[in-house]
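Numbering (full-length UniProt numbering), first residue to last: 1 to 301. Note that beta-carbon positions come from the ideal geometry of N, C-alpha and C, so glycine has one too. Model, not experiment: these values are computed from the prediction.
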């Protein structure tokens with residue numbers, strides 16, 4: 001998922017994956033889900049966002065939501081990349097593959113925007129990035145040479161901001177991984193539909209923030225619907241059941257998945273991979289894999 005001012009998301013994603021495959025036979029990078037604005041930022045591994053869900057155009061709908069953006073003069077919507085969540089005044093969590101092998105100085109964070117084309121949110125530069133020490137991309141047993149089919153393990157990264165964000169309550173961390181059957185919600189600005197086959201370079205990116213309501217699945221259910229490796233120690237899955245109308249697409253990896261506790265929303269996961277590991281496209285029902293934030297955060301702090 002990342003890159004924007006050059007090509008559309010799907011093409012940029014495939015290009016980033018192919019580039020990293022030549023380097024490590026896997027796939028990597030800074031937001032594989034945007035369009036391709038500046039390949040200088042990096043490549044990408046798994047990359048997804050949301051089709052369906054509910055639009056949340058109202059200001060302050062998710063004040064802790066972060067959007068990773070490539071610096072530049074082009075429209076913000078064209079430069080947006082991975083998602084993330086503000087967990088402290090100066091810290092954001094996102095997916096590790098969004099930042100692996102990337103010059104993070106070329107990016108910035110936009111906090112709290114509900115409609116990217118109208119409101120940039122609170123903008124901060126990136127001071128430092130820490131990837132989980134066990135992070136790795138996992139080649140698919142079905143075809144280890146196809147990086148677009150890869151999944152990921154320990155796919156979590158922490159971004160330190162250039163200065164604290166005032167007057168925004170950070171998103172609390174859930175105490176533990178949500179159990180199967182738990183209702184959860186994904187917040188994302190990602191793409192909203194698969195590219196038109198006649199125009200594969202044209203991305204339909206989500207200008208308006210979306211919320212997708214999902215249900216946590218068992219490890220067995222998740223592993224059974226993809227040939228990819230689903231690392232139970234660091235990944236849990238969720239899906240829109242039974243309708244399947246809310247699905248994952250190329251867009252914003254790293255977007256926050258929340259549970260609903262007494263304190264309100266709590267961060268349980270960040271989006272890592274989904275149906276692309278089984279050869280599916282946006283709009284086709286599939287389980288989505290999330291980095292287990294409560295289990296993995298300790299290694300970053």
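Under the criterion of beta carbons closer than 8 Å, residue 256 and residue 187 qualify as touching, at roughly 6 Å. In this structure the region 109–129 does not lie against the region 139–153, because fewer than three pairs of beta carbons, one per stretch, are closer than 8 Å. In this chain, the alpha helix (DSSP H) harbouring residue 222 covers 219–224. One Cα belongs to residue 104, the other to residue 126, and the distance between them is close to 7 Å. Following the DSSP letters along the chain, one finds residue 294 inside the alpha helix (DSSP H) bounded by residues 293–296. With fewer than 16 other Cβ atoms inside 10 Å of its own Cβ, residue 167 counts as exposed. Taking a C-beta distance under 8 Å as the contact criterion, residue 214 and residue 238 qualify as a contact pair. If only complete runs of 3 or more residues are kept, the region 102–170 shows the beta strand (DSSP E) at 107–111, 122–131, 136–138, 151–153 and 157–161, in order along the chain. Annotation for residue 77: the continuous alpha helix (DSSP H) segment containing it runs 76–79. Contact annotation: residue 291 and residue 156 have beta-carbon atoms nearer than 8 Å.
DSSP places residue 277 within a helical segment (H, G or I) once states are collapsed to three.
Counting along the chain, residue 214 sits inside the beta strand (DSSP E) bounded by residues 210–216. For residue 300, there is no enclosing beta strand (DSSP E), since its DSSP letter is neither H nor E. Relative to residue 154, the option among 71, 183, 85 and 100 whose CA is nearest is 100. The three-state reading of DSSP puts residue 98 in helix, counting H, G and I together.
Counting along the chain, the unbroken beta strand (DSSP E) around residue 260 starts and ends at 256–261.
Boundaries of the beta strand (DSSP E) around residue 185: 183–188.
Rounded to whole angstroms, the gap between the alpha carbons of residue 254 and residue 76 is 18 Å.
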